[in-house]
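Undergrad: Just so you know, the protein sequences line up as chains Z and H, in that order.
For the first sequence, counting from 1, position 513 maps to 513 in this note's numbering; every step adds exactly one.
When you read off a place in the second sequence, starting at 1, and then add 583, the result is the number in this note's numbering.
The structure's right below; bear with me while I get my questions together.
Number of protein chains: 2
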Amino acid sequence: MDHLPRLLAVARGHTLADLVLQGGQIINVFTGEIEQDDVAVCDGRIAGIGPGYRGKTHIDLAGAYVAPGLIDAHVHLESSLCTPAQFASAVVPRGVTTVVADPHEIANVAGPAGVEFIASASAGLPLEVIVMAPSCVPATDMATSGGTLTAEDLRDLRSRGVVRGLGEVMNFPAVINADAATLAKIAAMQGRPIDGHCPAVTGHALNAYAAAGIATDHESITPEEAREKLARGLYLLIREATNAKNLDTLLPIITPANSRRICFCTDDRTPGDLLNIGSIDHMLRRAIARGIDPIDAIRMATLNPAECYGLSHVGAIAPDRLANLIVFDDLRRPEPRLVFSRGESVADWTPTAPAHAGFGAESDDPDSSAHQNTSDGALGRCHVNWNSVNLTIPARSDRIRVIGCTPDQLVTQHRILPATKSAGQAIADPSRDLLKIAVIERHRGTGNVGLGFIQGIGLRRGAIAGTFAHDHHNLVTIGADDQSMLAAARAVTTMAGGLAVAAGERVLARLPLPIGGLMTDRPINEVAAAYADLLAAARDLGSPLPDPFMAMSFMALEVIPSLKLADRGLVDVEQFKIVDLFA
Amino acid sequence: MDHLPRLLAVARGHTLADLVLQGGQIINVFTGEIEQDDVAVCDGRIAGIGPGYRGKTHIDLAGAYVAPGLIDAHVHLESSLCTPAQFASAVVPRGVTTVVADPHEIANVAGPAGVEFIASASAGLPLEVIVMAPSCVPATDMATSGGTLTAEDLRDLRSRGVVRGLGEVMNFPAVINADAATLAKIAAMQGRPIDGHCPAVTGHALNAYAAAGIATDHESITPEEAREKLARGLYLLIREATNAKNLDTLLPIITPANSRRICFCTDDRTPGDLLNIGSIDHMLRRAIARGIDPIDAIRMATLNPAECYGLSHVGAIAPDRLANLIVFDDLRRPEPRLVFSRGESVADWTPTAPAHAGFGAESDDPDSSAHQNTSDGALGRCHVNWNSVNLTIPARSDRIRVIGCTPDQLVTQHRILPATKSAGQAIADPSRDLLKIAVIERHRGTGNVGLGFIQGIGLRRGAIAGTFAHDHHNLVTIGADDQSMLAAARAVTTMAGGLAVAAGERVLARLPLPIGGLMTDRPINEVAAAYADLLAAARDLGSPLPDPFMAMSFMALEVIPSLKLADRGLVDVEQFKIVDLFA
């Protein structure tokens, strides 16, 4: 509150403002009207709206529109493969000045320290990062995660002010069935916003999920599902992620009467998408282009999420709120040409360059890669005792379970097929699009290696590997032969985590992600370029998928049907248990 | 959270609900639509909405409408002259199941104990009483109040969960000018709702007021004022009080785009108004009758105040919210015929009768009246040492300052008139409508007696007296002669507080208000009848005012212009200082 005497003096017009934006057309998200007025800024906050303010700096907006900075209501920053600073450098110039972040990925690697990393790495950025405490870490006990978050951890993060609420409660069956441990986590965040995640949950089950105190959902994929969730009191977060696009389908349900309960979110976007397509700015333009009233659309990207998450300091142009603003010329197609964060112009903002070397640096000493970790210290581990790793699969029978990966689906098929055998072993057989998949535990030194087979990735030779693998983020590799798989996987551990493509002994492409095996602090455009190189290398090896790394990252996620591979073995998700590779 | 396993079992349909409301038309305040669906209730909460629920009790609504219980966004319960229970008995049957209460009056009498009395006396009622911490106790140091509330007191009330936020910050000049003590009170409630009160504040001053973090205002009397406050981000609480009616004037500003930021409140209503006209139910019907869309109007009385005050447990029909519901037949004129509070039918609810005797009981021993105080113990004092009270005014000059009371106005005129003199004293002169007024300090034994003259009350003879006198609630009496004034005032102290009318030695009517000198726990219909008797007696003595007690209750309020009387003397409010009675 120490800022108030000066802020109020500026508001009264008794003290010069730091900045006055003159002659703009203000989008007033409270009234739904457009006001011709000036905006006075002091110490990063809005002091006043109206005529007669003088400031140290004046900017003449000459009739351009001024709206609140945009809010992404739900995002996993880690999907950008970048630190919060690098993520911000992609979205802030596009007008996104607040994100509600669920650091679910890094929490699975590093537990509470991962959550605190996201919070501390976001301090001082021109992006308000509202951190939610991940609710489902680990997802199950069938896989080995690096970190865990208990109800006690959640209470601690809350009491220390690290988190605002509870991140998406993905274990919706546990909520609906009143699982005690899950309800304890909800209780730990009582009175705070609690995000939901309940794909295709309707009827009585939806009532139970909502009755537990869940406040939002972003998993609706049909208009009927979205309408029912809205009616049961869940805020509808319309998602447009890289791998899950719901915007066009859900736009038709928006009415003037229900739009106050609707927000936009990106959930997961790749660095390339963030740079080339955008973020909430992209959703805003698309919604308007498809017929949503521009002011209603802007409210869905500003005031609505601010209300949903109780963020009274952002989401509107009003006294006391942060001077997070966007300026644009075309109300039918808002393209921010000026962006202000706490009153500073940030349309060209880039983070201070990291001091260390770029992707070129490499070492066979795993510890040397720790220099790419942040000053917060290493987050999690990426250590594998390669002497104990053996990818061979003795053929104990003729029939094997095979993960059937289908394009653009996280759900897999559970296939039972003849094995291809050689010298008493079950082997990969690219002629049948039958590849081997291994999940190598990398967090705790258990030596666990899960082995299986997969169809649908399409490599003709070589292998891909990576540590970005939902949710536990062990080291996963898929390949046509063991040598390539080991080469790709070893390349990843050499980088202390990341993604790699190999053929035989040769590493063809790599992207180091030394921060928890998930993120890097290199510039996001370099990350996007390196990622494109990875995709090109995989394509050269025969994969027809637009993104085999994205596909791979979900093949170890033991909570999505039907057959997945964890470090402890093959998981039949319908039965929710580990099953034998040989059927 | 212990309720959740059973609530969720009912929601899933695995356990019988306590109650199922079948065949109703549900007003869905989230979607703005009307749903034909059933509502299942468990342990006072809504478990589920939809078909297929079975319960221990079923009620067939046969197509009637079901809406959330109504919310009064701002009310001083003390203005009903009744305890929360008796207030509830008037408003709950009308469908008001939640009130946001600012116990400003009792706090001026009893400090934090007054706030806690309202909270504890509200526990277990079929009315959710959300208590706000009064922000301006005492209003100034020119009057002697019984209680004070410091920033430290506010923090304590907050930390112990007694209060939700900060009550209307009436000292708007102090806020705007960044007065440190006032900002400290706001700081004590940071992150909580903070109610405003800023009549006629506009422009730069309004920006400053809003910049301090004020969230609401209920003092708008013109459409322009209301529109500007909405635009600056203040929730607009439209008020329809007994003595301040703004509804008809402000209804025209409501649009579908701004209505989400608008709520209804009653502020102050007399017992008679509550019984005969109603509460928020009355505002709802009137708003609809004047053209507001019924569902928008219902939202203004339910979801909007719930959002404004962060009350996620009321304000909508949704799983997990309290089963506070109203049932009515005509959407164009909602008259609740069933009311549910936490799932219990309360349309006929009355409090358990108080054990002690009614108004007939009387005693000359002031302490004997303490039996009407609650088990919380005496709230404040109503003790006057009559031996030291002398109402005579030696005539030190020929010209006196006179409070000019004008009908339906809290603002008075500051008149300078010739004194009527007799035997060296300045005296009342009913022939000139010149009455004497005295403010007798009753809280702290200071012996202070403020004396003055007033026009506009119109008594031809006799006197009125009372301890309900904003804001400090000292004992005020207005009369045509000292004997009547003393008789009326003594009658009040004999009752341990209340209202009385006397002529000569004879007490003509009385209403004991032994709880802090403000409230009684007698049935509200008895209170309304006794109040009507008081008005009739005053009318018989010549007062043409519809309510001379209401008028008197504002004559000692030293913060409203122009001339008022405090126990320390006559206050020139424009100069904000005590001035001599003789000009």
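Even glycine gets a Cβ: it sits at the ideal position worked out from N, Cα and C.
As the structure is a computational prediction, the values presented were derived from the model and not from experiment.
Using a beta-carbon distance below 7 Å, is H/Ala953 in contact with chain Z?
TA: For the purposes of this step, residue 953 of chain H is taken as residue 370 along the second sequence, with counting starting at 1. At H/Ala953 the pLDDT is 38, less than 50, meaning the model places this residue with poor confidence and gives no usable figure here.
Undergrad: Quick check on this structure: which residue in H/Thr1050, H/Arg915, H/Asp913, H/Ala930 has the alpha carbon closest to the alpha carbon of H/Leu921?
TA: For this step, residue 921 of chain H is matched to residue 338 along the second sequence. For the residues H/Thr1050, H/Arg915, H/Asp913, H/Ala930, the minimum Cα distance to H/Leu921 belongs to H/Ala930.
Undergrad: Checking the sheet assignment: what are the DSSP bridge partners for H/Arg852?
TA: On the second sequence, residue 852 of chain H is found 269 positions in, with the first residue counted as 1. Answer is none; H/Arg852 lacks a bridge partner.
Undergrad: Between which two residues does the beta strand (DSSP E) holding Z/Pro68 run?
TA: Here residue 68 of chain Z refers to the residue found at position 68 of the first sequence. Unbroken beta strand (DSSP E) run through Z/Pro68: 65-68.
Undergrad: Measure the C-alpha to C-alpha separation of H/Gly730 and H/Asp1054 and round it to an integer number of angstroms.
TA: Position 147 of the second sequence, counting from 1, holds the residue named residue 730 of chain H. Position 471 of the second sequence, counting from 1, holds the residue named residue 1054 of chain H. Their backbone Cα atoms lie some 11 Å apart in a straight line.
Undergrad: If we call anything under 7 Å between Cβ atoms a contact, is H/Leu766 one with Z/Met1?
TA: In the second sequence, counting from the first residue as 1, residue 766 of chain H sits at position 183. In the first sequence, counting from the first residue as 1, residue 1 of chain Z sits at position 1. Yes. Within cutoff.
Undergrad: Residues of chain Z with CB closer than 9 Å to the CB of H/Cys773, please, in chain order.
TA: To locate residue 773 of chain H, count along the second sequence from 1; it is residue 190. The sequence as given places Gln at residue 773 of chain H; Cys does not occur at that position. Those are Met1, listed as they occur along chain Z.
Undergrad: According to DSSP, simplified to helix, strand and coil, what is Z/Gly114?
TA: Here the question's residue 114 of chain Z lines up with position 114 in the first sequence. Three-state result, Z/Gly114: helix.
Undergrad: Which residues, in order along the segment 242-258 of chain Z, keep a beta-carbon less than 9 Å from a beta-carbon of chain H?
TA: Correct list: Thr255, Pro256, Ala257, Asn258.
Undergrad: Return the CA-CA distance between H/Leu1148 and H/Met1138, expressed in angstroms with no decimal places.
TA: On the second sequence, residue 1148 of chain H is found 565 positions in, with the first residue counted as 1. On the second sequence, residue 1138 of chain H is found 555 positions in, with the first residue counted as 1. For H/Leu1148 and H/Met1138, the distance between alpha carbons rounds to 6 Å.
Undergrad: For H/Thr614, count the other beta carbons within 10 Å of its own beta carbon; 16 or more makes it buried, fewer makes it exposed. Which is it?
TA: The residue labelled residue 614 of chain H in the question sits at position 31 within the second sequence. H/Thr614 comes out buried.
Undergrad: Which residues bound the beta strand (DSSP E) around Z/Met142?
TA: Residue mapping note: residue 142 of chain Z aligns to position 142 of the first sequence, counting from 1. Segment: none, Z/Met142 is in no beta strand (DSSP E) and carries neither H nor E.
Undergrad: With a CB to CB cut of under 6 Å and the five nearest residues on each side skipped, what residues in its chain are close to H/Ala938?
TA: As a position in the second sequence, residue 938 of chain H is number 355, starting the count at 1. Residue confidence for H/Ala938 is low, a pLDDT of 48 falling below 50, so the modelled location carries little weight and cannot support an answer.
Undergrad: Does H/Leu820 come out as helix, strand or coil in the three-state DSSP assignment?
TA: Position 237 of the second sequence, counting from 1, holds the residue named residue 820 of chain H. Three-state DSSP puts H/Leu820 in a strand.
Undergrad: Report the neighbours of Z/Asp320 on chain H: residues whose CB is nearer than 9 Å to its CB, in chain order.
TA: Locating residue 320 of chain Z in the first sequence gives position 320, where the first residue counts as 1. Going along chain H in sequence order, the residues near Z/Asp320 (Cβ under 9 Å) are Ala793, Ala794, Ala795, Gly796, Ile797, Gly816.
Undergrad: Using a C-beta to C-beta distance shorter than 7 Å, which residues of chain H count as neighbours of Z/Asn28?
TA: As a working mapping, residue 28 of chain Z is identified with position 28 in the first sequence. Neighbours of Z/Asn28 on chain H, chain order: Ala814.
Undergrad: Using a Cβ-Cβ cutoff of less than 8 Å, which residues in the same chain neighbour Z/His197 once the five nearest sequence positions on both sides are dropped?
TA: Within the first sequence, numbered from 1, the residue matching residue 197 of chain Z stands at position 197. Answer for Z/His197: Glu168, Val169, Met170, Phe172, Asp217, His218, Glu219, listed in chain order.
Undergrad: Near H/Ile976, what residues of its chain come up, given a Cβ to Cβ distance below 8 Å and the 5 sequence neighbours on each side ignored?
TA: On the second sequence, residue 976 of chain H is found 393 positions in, with the first residue counted as 1. Gln1008, Ala1009, Ile1010, Lys1019, Leu1034, Leu1164, listed in sequence order.
Undergrad: Would you list, in sequence order, the uninterrupted alpha helix (DSSP H) runs of no fewer than 4 residues that lie entirely inside the segment 1010-1093 of chain H?
TA: If we require 4 residues or more, the alpha helix (DSSP H) runs fully inside the segment 1010-1093 of chain H come out as 1065-1077.
Undergrad: Roughly how many angstroms separate the alpha carbons of Z/Glu505 and Z/Ala64, rounded to a whole number?
TA: Along the first sequence, one-based indexing puts residue 505 of chain Z at 505. Along the first sequence, one-based indexing puts residue 64 of chain Z at 64. Each residue's alpha carbon lies about 58 Å from the other.
Undergrad: Which of the three DSSP states is assigned to Z/Val91 in this structure?
TA: Working through the first sequence from its first residue, we reach residue 91 of chain Z at position 91. Of the three classes helix, strand and coil, the one that applies to Z/Val91 here is helix, per DSSP.
Undergrad: Classify H/Lys639: buried if its beta carbon has 16 or more other beta carbons within 10 angstroms, exposed otherwise.
TA: Counting from one through the second sequence, the residue named residue 639 of chain H turns up at place 56. Classification of H/Lys639: exposed, given that the 10 Å Cβ count is below 16.
Undergrad: On the three-state DSSP scale, how would you describe Z/Gly569?
TA: As a first step, residue 569 of chain Z must be located in the first sequence, where it is residue number 569. Of the three classes helix, strand and coil, the one that applies to Z/Gly569 here is strand, per DSSP.
Undergrad: What is the residue span of the alpha helix (DSSP H) that H/Glu1109 lies within?
TA: Within the second sequence, numbered from 1, the residue matching residue 1109 of chain H stands at position 526. Segment 1107-1123, the alpha helix (DSSP H) holding H/Glu1109.
Undergrad: Hey, is H/Thr1177's beta-carbon within less than 7 Å of any beta-carbon in chain Z?
TA: Absent from the model: residue 1177 of chain H. The displayed extent of chain H is 584 to 1166, so no value can be given.
Undergrad: With DSSP collapsed to three states, give me the class of H/Met753.
TA: Translated into positions along the second sequence, residue 753 of chain H becomes position 170. If DSSP states are grouped into helix, strand and coil, H/Met753 belongs with coil.
Undergrad: Starting from the C-beta of Z/Arg460, find all residues in its chain whose C-beta is less than 7 Å away, skip the five residues before and the five after it, and write them out in chain order.
TA: One-based indexing of the first sequence puts residue 460 of chain Z at position 460. Cβ neighbours of Z/Arg460 beyond the five flanking positions: Pro430, Ala480, Leu541, Gly542.
Undergrad: For H/Ala1120, I'd like the list of residues in its chain whose CB is within less than 7 Å of its CB, leaving aside the five on either flank, ordered along the chain.
TA: Taking the second sequence and counting its residues from 1, the one referred to as residue 1120 of chain H is at position 537. If we look at H/Ala1120 and ignore the five residues flanking it on each side, its Cβ neighbours are Val1084, Leu1091, Ala1092.
Undergrad: For H/Gly748, is the classification buried or exposed, using 16 other Cβ atoms within 10 angstroms of its Cβ as the cut-off for buried?
TA: Your numbering for residue 748 of chain H matches position 165 in the second sequence. That one is buried.
Undergrad: May I ask you to verify whether the segment 649-666 of chain H touches the segment 223-233 of chain Z, counting CB pairs closer than 8 Å and requiring at least 3?
TA: Too few Cβ pairs lie closer than 8 Å, so no.
Undergrad: Return no unless some Cβ of chain H is closer than 7 Å to the Cβ of Z/Thr31.
TA: As a working mapping, residue 31 of chain Z is identified with position 31 in the first sequence. Yes - at least one Cβ of chain H is within 7 Å of the one on Z/Thr31.
Undergrad: For Z/Ala119, which residues of its own chain have a beta-carbon under 6 Å away from its beta-carbon, when the five flanking residues on both sides are left out?
TA: Counting from 1 along the first sequence, the entry for residue 119 of chain Z is found at position 119. Closer than 6 Å at Cβ, skipping near neighbours: Val131, Val162.
Undergrad: Between Z/Pro334, Z/Pro84, Z/Ser145, which lies nearest to Z/Ala301 when the distance is taken from Cα to Cα?
TA: Indexing the first sequence from 1 puts residue 301 of chain Z at position 301. Residue Z/Pro334 is the option with its Cα nearest to Z/Ala301.
Undergrad: Taking the DSSP output, what are the residues bridged to H/His641?
TA: Counted from its first residue, the second sequence places residue 641 of chain H at position 58. BP columns for H/His641 point to H/Val603.
Undergrad: Please tell me whether Z/His600 has its Cβ less than 7 Å away from any Cβ of chain H.
TA: The structure shown does not extend to residue 600 of chain Z, since chain Z is modelled only from 1 to 583, so the question has no answer here.
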